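For reference, the structure discussed in these notes is given below.
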């Protein structure tokens with residue numbers, strides 16, 4: 226005889242479960258009043274049962290509560306807790322049963338804790354507003370035509386699922402959040418405002434399911450890379466510590482995403498202190514030494530960000546950051562080189578202590594090497610800034626003087642570099658000790674320096690260009706070379722014109738004085754023919770600094786016969 230297997234019992238519907246819960250609550254609330262033992266604990270439990278009943282009434286009054294996908298999980302769990310409470314109620318009411326006092330106290334406290342958690346979940350579901358909308362509206366992914374209200378509702382629903390759903394609900398909710406952020410960067414600010422970001426940060430915990438944790442790291446890294454508001458929110462919710470722990474022990478992919486998030490968070494200078502507070506300096510340095518290429522890129526970016534804080538700079542020096550940064554600067558990928566050079570420039574400008582460490586680690590030699598190798602304008606700017614800071618010491622100046630091609634590179638940047646590269650190169654050229662031979666070799670950049678003297682921006686450019694030019698004009702052959710350049714001479718004379726307000730007069734005056742330092746008749750003739758004498762007379766009368774001296778040099782004893790002389794020198 227064959228027996229047909231009985232089909233599994235049909236699970237009650239959500240409505241049936243809710244009806245069972247309401248009937249049980251209607252029984253428990255009055256029943257618990259008659260209990261005479263553990264009265265204080267039952268008073269707490271009764272209050273929580275009343276709260277559950279109120280929340281369930283609110284849920285059942287919502288027009289679309291039966292469509293919500295979270296309730297089929299939440300309500301059976303709640304029913305199970307209430308059944309346990311009923312058992313405890315009967316045990317405490319039956320004089321035949323004498324449960325151990327400590328055991329009963331523990332059981333009642335556990336039941337109270339379960340109810341608190343379930344009340345929190347139900348309250349969250351009510352406050353999210355998702356029960357007032359059809360599931361078809363709430364869960365459909367927002368489109369370009371979606372209103373802000375639709376988007377807000379969607380975000381709230383996603384975060385509700387992140388908070389109170391099981392592993393599968395959390396996974397799907399995180400997938401929805403990641404998809405939203407990947408399709409609409411502007412949504413990041415709204416997510417920070419309307420979502421419970423703190424619960425997302427909780428998922429970064431080491432005890433979280435690994436797949437959920439990996440999704441959470443991705444979502445956090447996307448958030449902070451898209452919105453300043455989101456960065457602030459994520460930082461204030463305490464994400465930095467968990468992110469640093471992931472960098473220590475996570476997978477390669479998780480480390481890359483976590484350190485990207487740390488780099489974005491530390492873009493705000495006000496957050497830099499927290500890296501030291503969370504012990505993040507050695508964590509980031511270890512990543513820069515042995516992490517993947519992507520991890521190193523963001524790791525050195527984070528270090529660059531926090532190096533603006535003095536306490537962090539001290540920690541960086543003590544933890545041996547400088548050799549690590551120098552190694553990345555010369556051997557890393559171009560984008561990592563740029564960030565490392567930027568960090569080195571910050572350290573070099575921060576005091577003699579850091580400059581000494583950099584020079585001890587042969588930082589200046591590596592900077593000069595990168596100056597010749599890099600083609601990135603931004604990297605070159607940071608390299609030059611660092612070199613400029615290091616050149617202020619006698620040791621730094623001697624090291625630079627030992628490189629025969631250094632001044633040639635500066636001259637090339639003055640001629641062909643961006644405005645900022647021209648600025649820093651001119652400043653270095655003016656300040657670094659250079660032999661006459663090297664000055665003669667770079668005479669070709671003098672015309673570019675004259676042109677830079679005409680630039681009103683950035684502040685200080687006219688001065689450094691004039692100083693560099695005066696330095697080169699200390700060589701006799703360079704003075705002759707410059708006055709042969711008719712365009713440069715005309716520009717100098719135009720700058721001397723008192724009607725020209727774009728240039729401070731002391732700079733072209735200093736250059737004219739430098740040209741005439743040797744008393745060359747040929748130089749005098751060219752300048753006078755171009756009209757410099759008349760302008761200098763007016764400037765001397767106006768008591769412009771250096772004008773009287775320049776006029777005397779230009780006049781000489783032979784001014785009267787200047788137009789009859791030939792080019793003799």
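Numbering (our numbering), first residue to last: 226 to 794. Glycine included, each C-beta is placed from N, C-alpha and C at the ideal position. Since the model is a prediction, treat every value here as computed from it, not as a measurement.
(request) Taking only the alpha-carbon atoms, compute the straight-line gap between residue 490 and residue 688 and give it to the nearest angstrom. (result) Counting only the Cα atoms, residue 688 lies some 39 Å from residue 490.
(request) In angstroms with no decimal places, state the Cα-to-Cα distance between residue 619 and residue 578. (result) One C-alpha to the other measures close to 15 Å.
(request) Sort 590, 640, 562 and 633 by Cα distance to residue 607 and report the nearest one. (result) For residue 607, the nearest C-alpha among the options comes from 562.
(message) Beta-carbon within less than 6 Å of residue 468's beta-carbon, same chain only, minus the 5 sequence neighbours each way: which residues are those?
(response) Closer than 6 Å at Cβ, skipping near neighbours: 483, 486 and 487.
(message) So, for residue 700: in the same chain, excluding its five sequence neighbours on each side, which residues have a beta-carbon less than 7 Å away from its beta-carbon?
(response) Short of 7 Å from the beta carbon of residue 700, and not among the five residues preceding or following it, lie these beta carbons of its own chain, in chain order: 661, 664 and 665.
(message) For a test of the three-state rule: what should DSSP assign to residue 511, helix, strand or coil?
(response) Here residue 511 carries a helix assignment [DSSP, helix/strand/coil].
(request) Whole angstroms is fine: what's the gap from residue 449's alpha carbon to residue 429's? (result) Roughly 15 Å separates the two Cα atoms.
(request) Indicate the three-state DSSP secondary structure (helix, strand or coil) for residue 493 in the structure shown. (result) In the displayed model, residue 493 falls within coil according to three-state DSSP, outside both helix and strand.
(request) Leaving out five residues on either side along the sequence, give the residues of the same chain with a beta carbon under 6 Å from the beta carbon of residue 681. (result) Closer than 6 Å at Cβ, skipping near neighbours: 727.
(message) Can you find the residues in the same chain that come closer than 6 Å, C-beta to C-beta, to residue 496, ignoring five residues on each side of it along the sequence?
(response) The beta carbon of residue 496 lies closer than 6 Å to those of 460 and 490 in the same chain, with the five residues before and after it left out.
(message) With a threshold of 8 Å on Cβ separation, who are the neighbours of residue 761 within its own chain once the five nearest residues in sequence on each side are excluded?
(response) 721, 734, 737, 772, 775, 776 and 779.
(request) Please go through the same chain and pick out, in chain order, the residues whose beta-carbon is closer than 7 Å to the beta-carbon of residue 264, but skip the five residues on each side of it. (result) The answer is none, since no qualifying residue turns up.
(request) Out of 743, 747, 742 and 730, point me to the one whose CA is closest to residue 763's CA. (result) Answer by Cα proximity: 730.
(message) Can you list, in chain order, the residues of its chain with a C-beta nearer than 7 Å to that of residue 732? Leave out the 5 residues immediately preceding and following it.
(response) Taking C-beta separations shorter than 7 Å and ignoring five residues to either side along the sequence, the partners of residue 732 in its chain run 678, 687, 688 and 691, following chain order.
(message) With a threshold of 8 Å on Cβ separation, who are the neighbours of residue 266 within its own chain once the five nearest residues in sequence on each side are excluded?
(response) If the five residues before and after residue 266 are omitted, its C-beta is found closer than 8 Å to the C-beta atoms of 330, 333, 334 and 337, all from its own chain and listed in chain order.
(request) Can you tell me which of the three DSSP states residue 274 falls into? (result) In the structure shown, the three-state DSSP call for residue 274 is helix.
(request) Report the residue from 384, 434 and 572 whose alpha carbon sits nearest the alpha carbon of residue 405. (result) The shortest Cα separation from residue 405 among 384, 434 and 572 belongs to 384.
(message) Could you check whether residue 596 and residue 634 sit closer than 8 Å to each other, using their CB atoms as the reference points?
(response) The answer is yes: Cβ separation under 8 Å.
(message) Am I right that residue 646 and residue 605 are in contact with their C-beta atoms under 8 Å? What's the rounded C-beta distance?
(response) So it is a contact: roughly 6 Å between Cβ atoms.
(request) Keeping to the same chain, check which residues put their C-beta closer than 7 Å to that of residue 239; ignore five residues upstream and five downstream. (result) Hits under 7 Å: 291, 296, 297 and 300.
(message) Tell me which residue opens and which closes the alpha helix (DSSP H) that residue 260 is part of.
(response) For residue 260, there is no enclosing alpha helix (DSSP H), as DSSP gives it neither H nor E.
(message) Just verifying my parser: in three-state terms, what is the DSSP assignment at residue 308?
(response) Residue state, collapsed to three classes: helix.
(message) Tell me the rounded alpha-carbon separation between residue 243 and residue 280.
(response) Residue 243 and residue 280: Cα-Cα distance of roughly 12 Å.
(message) Buried or exposed for residue 554, going by 16 or more other Cβ atoms inside 10 Å?
(response) Burial of residue 554 is indicated by the presence of at least 16 other C-beta atoms within 10 angstroms of its C-beta.
(request) Express the C-alpha separation of residue 750 and residue 788 in angstroms, rounding to a whole number. (result) In this prediction, residue 788 has a pLDDT of 43, which is less than 50 and means its spatial position is unreliable; nothing more can be read from the coordinates.
(request) For the segment 526 to 555, list the alpha helix (DSSP H) runs that are entirely contained and at least 4 residues long, ordered along the chain. (result) The qualifying runs are 535 to 543.
(request) For residue 268, name the three-state secondary structure that DSSP assigns. (result) In the three-state reduction of the DSSP assignment, residue 268 falls in the helix class, which pools H, G and I.
(request) Out of 757, 723 and 752, point me to the one whose CA is closest to residue 769's CA. (result) That would be 723, whose Cα lies nearest to the Cα of residue 769.
(message) Rounded to the nearest angstrom, what separates residue 525 and residue 725 at their Cα positions?
(response) Cα to Cα, the separation comes out at about 47 Å.
(message) If contacts are defined as beta-carbon pairs under 8 Å, then residue 568 and residue 532 qualify, I think. What distance do you get, rounded to the angstrom?
(response) In this structure, residue 568 and residue 532 form a Cβ contact; the two beta carbons are roughly 5 Å apart against a cut-off of 8 Å.
(request) Taking only runs that begin and end inside the segment 432 to 481, name each unbroken alpha helix (DSSP H) of 4 or more residues, in chain order. (result) The DSSP assignment places 435 to 451, 453 to 461 and 465 to 474 as complete runs of the alpha helix (DSSP H) inside the segment 432 to 481, in order along the chain (cut-off: 4 residues).
(message) If you measure between the beta carbons of residue 426 and residue 463, is that distance less than 8 Å?
(response) For residue 426 and residue 463, yes; Cβs fall inside 8 Å.
(request) Tell me, to the nearest whole angstrom, how far the beta carbon of residue 284 is from that of residue 347; I am working on the premise that it is less than 8 Å. (result) 7 Å between Cβ atoms; contact.
(message) Since residue 752 and residue 714 should fall inside the 8 Å C-beta cutoff, what is the C-beta to C-beta distance between them, to a whole number of angstroms?
(response) By a beta-carbon distance limit of 8 Å, residue 752 contacts residue 714. Their separation comes to about 7 Å.
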